[in-house]
Amino acid sequence: MNYMGIDVSKATLDVCLMDGESQVSEAQFSNDVAGFDQISSWLDNRTTDKELHVCMEATGIYSRALAIYCYEAGYTTSVVNPARIKAYASSQLQRNKTDRVDARLIADFCRTQSPPLWTPPDEAWSELRTLVRYLYEVKTMRQEEINRRKASQTNHVKQFLESHIAFLDEKITQIEAEIQSVIEQNQTLHHQQQLLVSIPGIGELTAAKLLAEIRDIPDFDNVRQIVAYAGLNPRQHRSGSSVHRRSRISKTGPASLRSALYMPAIVAKNRNPILKTFAKRLEERGLTGKEIIVAVMRKLLHLAYGILKSGRPFDPNYLAN
């Protein structure tokens, strides 16, 4: 088995090919279709073994086309969280960081860690994620403009800001409508959205955000994996008898996903019969308001996972039954 690590940047691809434990060759190519074809020819000249495991970091638009190319070429392909590569580099006591060194590290990670295989996402899901993340960026921009308007001291600037905010409001409405249109045109996404909105506290837009940020929710092995992916898993810091810091969430997942769950958690805390009881129990234990909201956000993910896994809508009497 051969292992190829690829360090992806906007313009270039640094490649390292390994055969077992020995390094075979390194090279650099352009990050475009011509570069992909050159990698394929480069591989043909350096190995006769058709079994090749390609590994790269998930870098959004910079790695997507390459990953699809490698998959369609028949290579075993893995696209991994950059945090895993960073942690592996620390475990190997890596002192230098260059594109060439990173490619070698990724190849070795692929060889020793056997990362999970990657398959191309459904086209509708890709479009949904792009729209949802664009919506997040536009809403962030709108809030920044509102903050500037509050701080502005001149009427002329306030007028410009108000005009821009009105434009962004219209754009947000258009994007939200397009998001719903994409979902309704895809049978699987629409069915999953209908299941999710049966949970009190989750509306159509929140359901769309969950589906966009967590690809194939039912395919996760367990709900703990989803909670960790969202960065809502507690992170403890204890050592001996003297170091005992307060637990915090890891925040390793997409910030947009946690943002999408925050307001629904506030609503669910008051209206969802299961989570209302859950929140009251936490309050009696002395947890702060913020800690309770985070716990409710986790529970919403638990409910979403269970409903999509079972294919049955939310049942408020589930525990009693």
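Count the sequence shown with the numbering used here and you get residues 107 to 427, in order. Note that CB positions come from ideal geometry on N, CA and C, so glycine has one too.
Asked                                                                                                                        : Found
Beta-carbon contacts of LYS405 that lie in its chain and below 7 Å, excluding the five residues immediately before and after : LEU381, PHE384
Buried versus exposed, by CB contacts within 10 Å (16 or more), GLU250                                                       : exposed
Best match in ASP205, LYS192, LEU274, PHE326 for proximity to VAL244 [C-alpha to C-alpha]                                    : LEU274
Option in ARG248, SER287, ARG418 with minimal Cα separation from SER430                                                      : Residue coverage of the chain in this structure runs from 107 to 427, which leaves residue 430 outside it and unanswerable.
At least three beta-carbon pairs within less than 8 Å, the stretch 257 to 268 to the stretch 301 to 319                      : no
Terminal residues of the alpha helix (DSSP H) in which GLY111 lies                                                           : Careful: GLY111 lies outside any alpha helix (DSSP H), inside the beta strand (DSSP E) at 108 to 114.
Closest by C-alpha distance to GLN300, when choosing among TYR335, LEU149, ALA410, VAL114                                    : ALA410
SER345 versus TRP231 - alpha carbon distance                                                                                 : Because the pLDDT at SER345 is just 47, under 50, the model does not fix this residue reliably, and the value given afterwards should be weighed accordingly. Cα to Cα, the separation comes out at about 43 Å.
Nearest to ASN151 (by Cα), restricted to the options ALA133, ASP138, ASN423                                                  : ALA133
Contact the stretch 134 to 151 vs the stretch 233 to 243: 3+ CB pairs below 8 Å                                              : no
ILE167 burial status per 10 Å Cβ neighbour count (16 or more: buried)                                                        : exposed
Bridge partners - PHE135, DSSP secondary structure assignment                                                                : LEU119
Alpha-carbon spacing of ALA213 relative to ASN253, whole angstroms                                                           : 46 Å
Simplified DSSP state of ASP421, which is helix, strand or coil                                                              : coil
C-alpha distance - SER184 paired with LEU123, whole-angstrom precision                                                       : 15 Å
Beta-carbon proximity list for VAL349, same chain, < 6 Å, skipping 5 on both sides                                           : Note that VAL349 has pLDDT 44, beneath the 50 cutoff, so the model's placement of it is unreliable and no number is given.
Option nearest MET162 by Cα separation, candidates ARG210, THR204, GLN198                                                    : ARG210
Where LYS315 falls, given that 16 or more other Cβ within 10 Å makes a residue buried                                        : buried
Sequence ranges, beta strand (DSSP E) only - wholly within the stretch 309 to 339, length at least 3                         : none
Residue nearest to VAL160 in terms of C-alpha spacing, selected from GLN331, GLN144, TYR181, PRO360                          : TYR181
Coarse secondary structure for LEU274, derived from DSSP in three states                                                     : helix
Nearest neighbour of THR225, chosen from LEU172, LEU414, PRO422 [CA to CA]                                                   : LEU172
With 16 other Cβ atoms within 10 Å as the buried cut-off, status of LYS116                                                   : exposed
Nearest residue (CA-CA) to ILE308, options GLY359, ILE372, VAL333, THR294                                                    : ILE372
Where VAL130 sits in the DSSP three-state scheme                                                                             : strand
Which of helix, strand or coil DSSP assigns to GLU157                                                                        : coil
Enclosing alpha helix (DSSP H) for VAL207 [first to last residue]                                                            : 205 to 219
Rounded straight-line distance, which links the Cα of GLN291 to that of MET369                                               : 27 Å
Proximity test, Cβ basis, 7 Å: THR218 and chain B                                                                            : In the structure shown, chain B does not exist; there is a single protein chain.
Cα-Cα separation between PHE142 and TYR194, rounded to whole angstroms                                                       : 26 Å
Supposed contact pair VAL238 and LEU338 - C-beta distance, whole angstroms, cut 8 Å                                          : Actually they are not in contact, since the Cβ atoms of LEU338 and VAL238 sit about 18 Å apart, beyond 8 Å.
Residue from ALA366, LEU393, GLY412, PRO306 whose Cα sits closest to the Cα of ASP327                                        : GLY412
CB contact flag (GLN298, LEU414, <7 Å)                                                                                       : yes
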